[in-house]
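Sequential numbering of the sequence shown, starting at 6, is according to my numbering. Think of the CB as a built atom: it goes at the ideal place given N, C-alpha and C, for glycine as much as any other residue. Beneath this line is the structure, given in C-alpha cells, with notes to follow.
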Amino acid sequence: MTSAYLDYNASAPLRSEARDAMGAALSVSANASSVHGPGRAARAVVETARDKIAAFVGANSSEVIFTSGATESNNWIMTGGAWGRIILSPIEHESIYVPAHNSSARVDEIDVSQDGVADVGQIADLTFLSNVNLANGDLGQTAITLQIANNETGALQPVAETAAFAREHGFFMHTDAVQGAGRVPLNFHALGVHAMSLSAHKIGGPKGVGALVLKDHVALPAFIQGGGQERRRRAGTENVAAIAGFGAAAEAAGRDLKTIERIAGLRQELEVGLKGIDPGIKILSADAPRLANTTCFATPGTQAETMLINLDLAGIAVSSGAACSSGKVGVSRALEAMRVPEDLAQSAIRISIGHATTENEIMHFLKTWKVLHRSDKVAA
Ligand code: PLP
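Here's what the structure looks like:
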C-alpha cells in the first residue's frame, strides 16, 4: 500500500546518519565518565556529538548540556530559576506551559495575533519585579520564554527582538527552538538568548535525548541532581548512543538547511492542491512568516478526527489541529489563543514534512484527501 508520513513536527523519521552513528556507539560500552581507555572512547563520542550540535546552533560546545529531551530542558528552565515572574505566550508547548503555571512564579501570558504570532510589544507594558544585570551570572527574577516557531501552525515568533528587550532590561530569556531547528537557521549567540531547548527526534535523531543550550556564565541550578556529569549541570550517566545519534542528526540537518527550498516547494504544491480541491479551506497563519514545512488547515464542514482515522486507513500519517500536540480531543490551546472559531478548529489538520518527504507522498495525500473530503462533506 502507498503510504505517506506527514507528521514531522510530532517526530521526524530517523536519519540514516543517526542510525549509523548510534549503531557504532552501541559497541562503545564504557561509562563516559570513566578514566580508562574504553571510558575515554565513550567520552570522545559524546564530545564529538556536542561539537556537532554546537556548530549546528552557533553555540560554544561548553554551552551544550545533554538532557532527556526538550521536555526536560523546558521543565528545567521553568522551575530551576526560582522565578518570581514568568512571561510567556499561550502557544508555548505543554512542557513550558504546565511547569510555568505549576511554579510559584506569577505568570503573565501575552496575546497572540489571529495569525498566531506573539504580541511581544505587550511585554513592555507589564510591570516588572526586578531589573538585574545578568552579566554577573545573577539570574534575576523574571524569565521570558518564547518559542522559535509554533508546532501546530509553524508561525515564526519574534525571538531575537524579544531577547534584545530582555537584555536591555536584565531579564532572563529562553527560547524553545524545537520546531525551528533544521527548518530555519539558528544561531544561539546572534539570537541573544540565555538558553535554548532542543530535541533530537524532531531533526531526525533518536527520541529521548535533547539539550539545553545555556550561556556559560549563567548559574542555573541543576534540575537532575546527583553525579558530576555535564560539568555538574545535569546528573546521570550519558546515553552515549542516543547522543551520538543526536550529533549525527544535527550535522545532517544543518547540511539539509541548504535544501529547504525543496521542502518549501512541496509545501507549496500541497497548499495549491488543497485549495484546488476546496477553495473554502483556511490555511492557519498563512499571512505570518512560517516554517517552510508546516501547513495547518481547516475545512469548514469536516471533522478532523474522522479525517485522521480515514487518512490513517489509507496509510497517511498526519495530526489533527484539534489535538496537534497531545493526542487528546479538544481544541488546541494555540488555535484557541488565535481565536479560531471552535467548529473550524475541530476541522484543522496539520501536515508537517521534512528531509525524507517525496512528491509522491504529497500526491498520495492530495488524491486521498479529494475523495475523503467529498464524502465527509456529503455526510455532514
Ligand atoms: N517543544 C515543542 C515546541 C515541541 O513541539 C515538543 C514536542 O512535541 C517539545 C517541546 C517536547 O520535546 P521532547 O519530545 O524532546 O520532549
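Thinking C-alpha only, which one of the options is nearest residue i?
i       : options                            : result
Gln-351 : Phe-302, Glu-166, Val-198, Leu-203 : Phe-302
Leu-93  : Ile-286, Ala-319, Leu-131          : Leu-131
Val-376 : Ile-282, Asp-292, Arg-355          : Ile-282
Lys-207 : Ala-186, Thr-242, Asp-221, His-194 : Ala-186
Glu-166 : Glu-235, Pro-294, Ala-160, Gly-126 : Gly-126
Ser-216 : Ser-67, Ala-17, Arg-45             : Per the sequence shown, the amino acid found at residue 216 is Ala instead of Ser. It is Ser-67 whose Cα lies nearest to the Cα of Ala-216.
Pro-163 : Ile-314, Ile-115, Ala-35           : Ile-115
Thr-363 : Ile-268, Leu-313, Thr-304          : Ile-268
Ala-353 : Pro-43, Val-183, Gln-308           : Gln-308
Val-112 : Glu-97, Thr-264, Gln-119, Arg-24   : Glu-97
Gly-241 : Thr-72, Pro-95, Ala-30, Ala-64     : Thr-72
Met-312 : Gly-359, Trp-374, Arg-338, Ser-32  : Trp-374
Thr-264 : Gly-85, Glu-243, Gln-146, Gly-359  : Gly-359
Asp-25  : Ala-253, Arg-188, Glu-157          : Ala-253
Need the endpoints of the alpha helix (DSSP H) that residue i sits in, please.
i       : result
Glu-274 : 265-282
Met-27  : 21-31
Gly-259 : 245-261
Glu-310 : 309-318
Phe-170 : 164-174
Met-83  : 75-85
Just reading off the beta strand (DSSP E) that residue i is part of, what are its end residues?
i       : result
Asp-181 : 177-181
Asp-113 : 111-114
Arg-90  : 90-93
Gly-215 : 215-219
When we look at the beta-carbon of residue i and count the other beta-carbons within 10 Å, is it buried (16 or more) or exposed?
i       : result
Glu-77  : buried
Arg-344 : exposed
His-378 : buried
Ser-331 : The pLDDT assigned to Ser-331 is 46, lower than 50, so where the model puts this residue is not dependable; a value taken from the coordinates is nonetheless given after this. Answer is exposed; the Cβ neighbour count stays below 16.
Asp-12  : buried
Pro-284 : exposed
Lys-280 : exposed
Arg-272 : buried
Val-245 : buried
Glu-347 : exposed
Thr-7   : exposed
His-340 : The sequence given here has Leu at residue 340, not His. Under this definition Leu-340 is a buried residue.
Glu-357 : Inspection of the sequence shows that residue 357 is occupied by Ser rather than by Glu. Per the 10 Å Cβ criterion, buried.
Ala-123 : buried
Ala-9   : buried
Would you mind stating whether residue i and residue j have Cβ atoms separated by less than 8 Å?
i       : j       : result
Asn-14  : Asp-181 : no
Asn-315 : Gly-159 : no
Ala-35  : Ala-46  : yes
Glu-22  : Ala-257 : yes
Phe-177 : Ala-224 : no
Arg-295 : Leu-161 : yes
Ile-288 : Thr-304 : no
His-194 : Thr-150 : no
Answer with yes or no whether the minimum CB distance from residue i to chain B is below 8 Å.
i       : result
Leu-313 : The displayed structure is made up of one protein chain only, and chain B is not part of it.
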